[in-house]
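Chains as they are written, first to last, in the working numbering: chain A, 1 to 188; chain B, 1 to 280.
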Amino acid sequence: MHLTDIREKLAARPDLTRQLAQVKEQVATCIQCGTCSSSCPNAGFMDMTPRRMWRAVLMDRVDMVFSSQTFMLCASCYVCTLRCPRGLPLTGAMAELKQVAFGLDLDRFRRSTLFYKAFMDNIRQYGRVRETELMARYFLAVKDPRVPMSYTGMGIKLMAKHKLHPHLPSRGPGRLAPLFDRAKQQER
Amino acid sequence: MDYLYYPGCSLEGTAKEYDISCRALFEALGDRLTEIPDWTCCGATAAQCVDPFLSVVLPARNLALAEKTDTGLDVLVPCSACYLNLKKARQDLWENNALRAQVNQVLAEDGLAVNASVRVRHLLDVLTRDGAVDRVAQLSENRMKGLVIAPYYGCQCLRPYVEFDDPEQPRSMDALIRATGADVLAWDMGAVCCGASTATTKPQVGKELVGRILDQAKTAHAVVTVCPMCQMNLERFQSRSVPVVYLPQFLGLALGESPESMGCGMNLSDIRPVLSRVAP
Chain A
1 MHLTDIREKL AARPDLTRQL AQVKEQVATC IQCGTCSSSC PNAGFMDMTP RRMWRAVLMD
61 RVDMVFSSQT FMLCASCYVC TLRCPRGLPL TGAMAELKQV AFGLDLDRFR RSTLFYKAFM
121 DNIRQYGRVR ETELMARYFL AVKDPRVPMS YTGMGIKLMA KHKLHPHLPS RGPGRLAPLF
181 DRAKQQER
Chain B
1 MDYLYYPGCS LEGTAKEYDI SCRALFEALG DRLTEIPDWT CCGATAAQCV DPFLSVVLPA
61 RNLALAEKTD TGLDVLVPCS ACYLNLKKAR QDLWENNALR AQVNQVLAED GLAVNASVRV
121 RHLLDVLTRD GAVDRVAQLS ENRMKGLVIA PYYGCQCLRP YVEFDDPEQP RSMDALIRAT
181 GADVLAWDMG AVCCGASTAT TKPQVGKELV GRILDQAKTA HAVVTVCPMC QMNLERFQSR
241 SVPVVYLPQF LGLALGESPE SMGCGMNLSD IRPVLSRVAP
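Here's what the structure looks like:
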């Protein structure tokens with residue numbers, strides 16, 4: 001991803017630009033001590049440590065931030081938040097970076113975007129998550145047979161324990177649609 | 001004591017045995033759980049990743065339903081992720097009047113209103129602080145003697161809200177486990193993350209993190225958990241067979257309840273080493 005692409009996309013979305021500015025403000029007093037990086041259980045899987053990520057945010061290096069997978073690997077374990085000597089809300093800031101990334105609809109996060117979209121649609125439709133249909137919808141959306149294949153073993157185990165519950169998808173406006181729509185209006 | 005009960009979506013699906021064993025355990029202990037009528041999803045991990053406002057509205061709807069019961073009872077939540085979402089919404093709504101007003105305009109659509117007065121508590125908080133330890137000790141007759149149990153807490157019942165235990169070196173499960181006659185494994189993986197939902201979309205992460213946790217549990221007969229996501233990951237990414245049971249399943253068995261009544265046929269891991277201890 002080129003610098004200009006992300007900057008252009010951000011420029012077209014003042015709401016996301018504002019949100020990113022908020023993240024920057026949240027981590028403004030970071031002293032780069034690296035406690036977050038050494039506390040993070042997923043740091044070993046990240047292309048950039050959390051400490052570097054915060055530095056990139058502070059230096060407005062959006063190209064670095066959004067070409068990294070680091071914030072997507074945050075499992076919300078809250079250890080960095082607990083240990084940060086500056087008391088910064090780091091886990092919350094990671095979640096906000098996810099929101100901005102999803103809002104920008106970047107190709108590199110396509111799978112996660114589709115997963116969370118399927119999740120929210122599921123809640124809107126039924127009120128409660130129907131796990132089996134959620135996964136089915138996600139697989140349909142990804143359009144890559146390797147993804148459902150990789151869950152086959154898990155699916156067989158769950159089926160053996162009668163934990164897969166295929167419902168017939170219901171149509172209609174959706175159980176929580178009025179709430180979702182009202183919330184959307186409210187946000188504007 | 002009586003509690004309002006918020007099971008959450010997982011407990012209707014992949015964590016059915018957590019729901020079954022929670023209800024059965026509280027019945028055996030003489031407590032009453034009243035399920036919050038018409039509850040809906042708390043927003044899970046998804047809402048906070050895509051829509052910050054909905055991530056308050058969705059849990060707020062359930063808080064409003066709890067308040068509507070007009071019982072003044074605490075809300076008991078067995079799922080750590082649901083617990084954190086409900087608790088966070090409760091705190092944010094309590095502290096932020098403008099947010100509460102905004103959320104209430106949305107909830108009016110459902111004929112509901114929230115004032116964030118209800119207390120949200122994790123299952124482990126309730127079990128360790130409302131006198132269950134003594135009752136378990138009385139009723140269990142040391143049935144689990146000889147077993148070594150590894151208590152696994154995970155993250156979100158401990159952090160970021162520090163309510164009932166040390167967030168890095170938790171100990172609250174120790175007394176409950178000892179009350180059954182079992183010993184507690186001395187280990188330091190009880191509060192180390194299993195990968196949570198990142199393991200769903202990135203299995204290599206779950207495999208590595210769970211591997212590290214279960215390696216340290218080698219000398220234990222079983223691992224006990226208090227979260228459906230932890231349970232799923234610890235059962236799914238096993239390189240060698242380790243029995244993993246929900247805490248209420250373990251406590252129920254210790255009280256002499258039948259494996260069936262604790263949903264013990266539904267675990268994905270092989271839990272026979274625990275069951276053989278209580279078989280007649």
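Virtual Cβ for every residue (Gly too), placed ideally from N, Cα, C. From a predicted model like this one, the values you see are computed outputs, not experimental measurements.
Which residues share a DSSP beta bridge with P151/B?
On the second sequence, residue 151/B is found 151 positions in, with the first residue counted as 1. Answer is V224/B, bridged to P151/B.
Measuring CB to CB, does A60/B end up less than 8 Å from L93/B?
Stepping through the second sequence from its first residue, residue 60/B is reached at position 60. Stepping through the second sequence from its first residue, residue 93/B is reached at position 93. Closer than 8 Å, so yes.
Considering just the uninterrupted stretch of the alpha helix (DSSP H) at V50/B, what are its terminal residues?
In the second sequence, counting from the first residue as 1, residue 50/B sits at position 50. Taken as a continuous stretch (DSSP letters only), the alpha helix (DSSP H) holding V50/B covers 44-50.
For the 8 Å Cβ check, are there 3 or more pairs between the region 209-217 of chain B and the region 233-243 of chain B?
They touch, by the three-pair rule.
Report the three-state DSSP secondary structure of V162/B (helix, strand or coil).
Locating residue 162/B in the second sequence gives position 162, where the first residue counts as 1. In this structure, V162/B counts as coil in the three-state DSSP scheme.
If I measure Cβ to Cβ from V136/B and keep anything under 8 Å in the same chain, skipping five residues before and after, which residues do I get?
What you label residue 136/B is simply residue 136 of the second sequence in a count that begins at 1. Hits under 8 Å: L29, L176, A179, T180, L251, A254, L255.
Looking only at its own chain, which residues have a Cβ that is under 6 Å from the Cβ of E17/B, when we skip the five neighbours before and after it?
Counting from one through the second sequence, the residue named residue 17/B turns up at place 17. Cβ within range, chain order: G263, M266.
Taking M1/B as the query, report the chain A residues whose CB atoms sit under 7 Å from its CB, ordered along the chain.
Stepping through the second sequence from its first residue, residue 1/B is reached at position 1. By Cβ distance, chain A contributes nothing, its closest Cβ being about 27 Å from M1/B, past 7 Å.
Quick one: is M1/A buried, meaning 16 or more other Cβ sit within 10 Å of its Cβ, or exposed?
To locate residue 1/A, count along the first sequence from 1; it is residue 1. Caution is warranted here: a pLDDT of 48 is assigned to M1/A, below 50, making its placement in the model unreliable, and no coordinate value can be reported.
Taking C-alpha atoms, which residue in E257/B, G8/B, G111/B lies nearest to L76/B?
Position 76 of the second sequence, counted from the start, is the residue given in the question as residue 76/B. For the residues E257/B, G8/B, G111/B, the minimum Cα distance to L76/B belongs to G8/B.
Three or more C-beta pairs under 8 Å: does that hold for the region 136-153 of chain B against the region 102-110 of chain B?
Too few Cβ pairs lie closer than 8 Å, so no.
Give me the Cβ distance between F164/B and R129/B, rounded to the nearest whole Å; I'm assuming they're in contact under 8 Å.
As a working mapping, residue 164/B is identified with position 164 in the second sequence. As a working mapping, residue 129/B is identified with position 129 in the second sequence. Confirmed, about 6 Å.
Tell me, please, whether the region 90-100 of chain A touches the region 19-30 of chain A by the rule of three or more beta-carbon pairs shorter than 8 Å.
The region 90-100 of chain A vs the region 19-30 of chain A: in contact.
Which residues, in chain order, does the region 89-116 of chain B contribute to contact with chain C at a C-beta distance below 9 Å?
Protein chains A and B are contained in the structure displayed, whereas chain C is not.
Mind pulling the alpha helix (DSSP H) runs of 4 or more residues that sit fully within the region 41-118 of chain A?
For the region 41-118 of chain A, whole alpha helix (DSSP H) runs of length 4 or above, ordered along the chain, are 50-58, 62-66, 79-83, 90-104.
Identify the residues that DSSP records as bridge partners of V245/B: which are they?
Reading the second sequence from its first residue, position 245 is the one you call residue 245/B. V245/B pairs with V224/B.
Closest Cβ-Cβ distance between G195/B and chain A: below 8 Å?
One-based indexing of the second sequence puts residue 195/B at position 195. Cβ-Cβ to chain A under 8 Å: yes for G195/B.
Under a three-way DSSP split, which group does R32/B fall into?
Residue 32/B sits at position 32 when you count from the first residue of the second sequence. R32/B falls in the strand class under three-state DSSP.
C33/A CB to nearest chain B CB: under 8 Å?
What you label residue 33/A is simply residue 33 of the first sequence in a count that begins at 1. No, its Cβ sits nowhere closer than 8 Å to a Cβ of chain B.
Locate the beta strand (DSSP E) running through D2/B, then write down its first and last residues.
In the second sequence, counting from the first residue as 1, residue 2/B sits at position 2. D2/B -> beta strand (DSSP E) spans 2-5.
Hey, would you say P50/A sits closer than 8 Å to C33/A, going by beta carbons?
On the first sequence, position 50 is the one that residue 50/A refers to. On the first sequence, position 33 is the one that residue 33/A refers to. The answer is no: Cβ separation not under 8 Å.
With DSSP collapsed to three states, give me the class of D174/B.
By 1-based counting over the second sequence, the position of residue 174/B is 174. If DSSP states are grouped into helix, strand and coil, D174/B belongs with the helices.
Are the C-beta of F53/B and some C-beta of chain A separated by less than 8 Å?
Reading the second sequence from its first residue, position 53 is the one you call residue 53/B. Answer yes: the Cβ-Cβ gap between F53/B and chain A drops below 8 Å somewhere.
Taking 8 Å as the threshold (beta carbon to beta carbon), is M1/A in contact with chain B?
Against the first sequence, residue 1/A aligns to sequence position 1. With a pLDDT of only 48 at M1/A, under 50, the local geometry of the prediction cannot be trusted, and the value read off the model is given with reservation. Answer no: the Cβ-Cβ gap between M1/A and chain B never drops below 8 Å.
Please look up how many angstroms separate the CB atoms of E133/A and P169/A, rounded, as I've assumed it's under 8 Å.
Taking the first sequence and counting its residues from 1, the one referred to as residue 133/A is at position 133. Taking the first sequence and counting its residues from 1, the one referred to as residue 169/A is at position 169. Between P169/A and E133/A the Cβ distance is about 6 Å, and since that is below 8 Å, they are a contact.
Starting from R13/A, trace the beta strand (DSSP E) both ways and give me its first and last residue.
Counting from one through the first sequence, the residue named residue 13/A turns up at place 13. Here R13/A belongs to no beta strand (DSSP E), and DSSP marks it neither H nor E.
In angstroms with no decimal places, state the Cα-to-Cα distance between L63/B and L86/B.
Taking the second sequence and counting its residues from 1, the one referred to as residue 63/B is at position 63. Taking the second sequence and counting its residues from 1, the one referred to as residue 86/B is at position 86. So the two alpha carbons sit approximately 7 Å from each other.
Going straight from the alpha carbon of Q169/B to that of Y152/B, what length do you get?
As a working note, residue 169/B is residue 169 in the second sequence. As a working note, residue 152/B is residue 152 in the second sequence. Spanning the two alpha carbons is a distance of roughly 11 Å.
Give every residue of the same chain whose Cβ lies closer than 7 Å to the Cβ of A184/B, excluding the five residues on either side of it in the sequence, and list them in chain order.
For the purposes of this step, residue 184/B is taken as the residue at position 184 of the second sequence. One detail in the question is off: residue 184/B reads as Val in this sequence, not Ala. Excluding residues within five positions, the ones whose Cβ falls inside 7 Å are I149, P151, D174, I177, R178.
Name, in chain order, the residues that DSSP records as bridge partners for L287/B.
Only positions 1 to 280 of chain B appear in the structure, and residue 287/B is not among them; the question remains open.
What would DSSP say about D183/B, mapped onto helix, strand or coil?
Here residue 183/B is taken as the residue at index 183 of the second sequence, counted from 1. If DSSP states are grouped into helix, strand and coil, D183/B belongs with the strands.
Could you have a look at F180/A and say whether DSSP puts it in helix, strand or coil?
As a working note, residue 180/A is residue 180 in the first sequence. F180/A falls in the helix class under three-state DSSP.
Run down chain A in chain order and give the residues with a C-beta less than 7 Å from the C-beta of R236/B.
Counting from one through the second sequence, the residue named residue 236/B turns up at place 236. Going along chain A in sequence order, the residues near R236/B (Cβ under 7 Å) are M154.
What residues in its chain sit with their C-beta under 6 Å from that of L4/B, if we drop five residues either side in the sequence?
As a working mapping, residue 4/B is identified with position 4 in the second sequence. These residues qualify, in order along the chain: T34, I36, A66, L73, V75.
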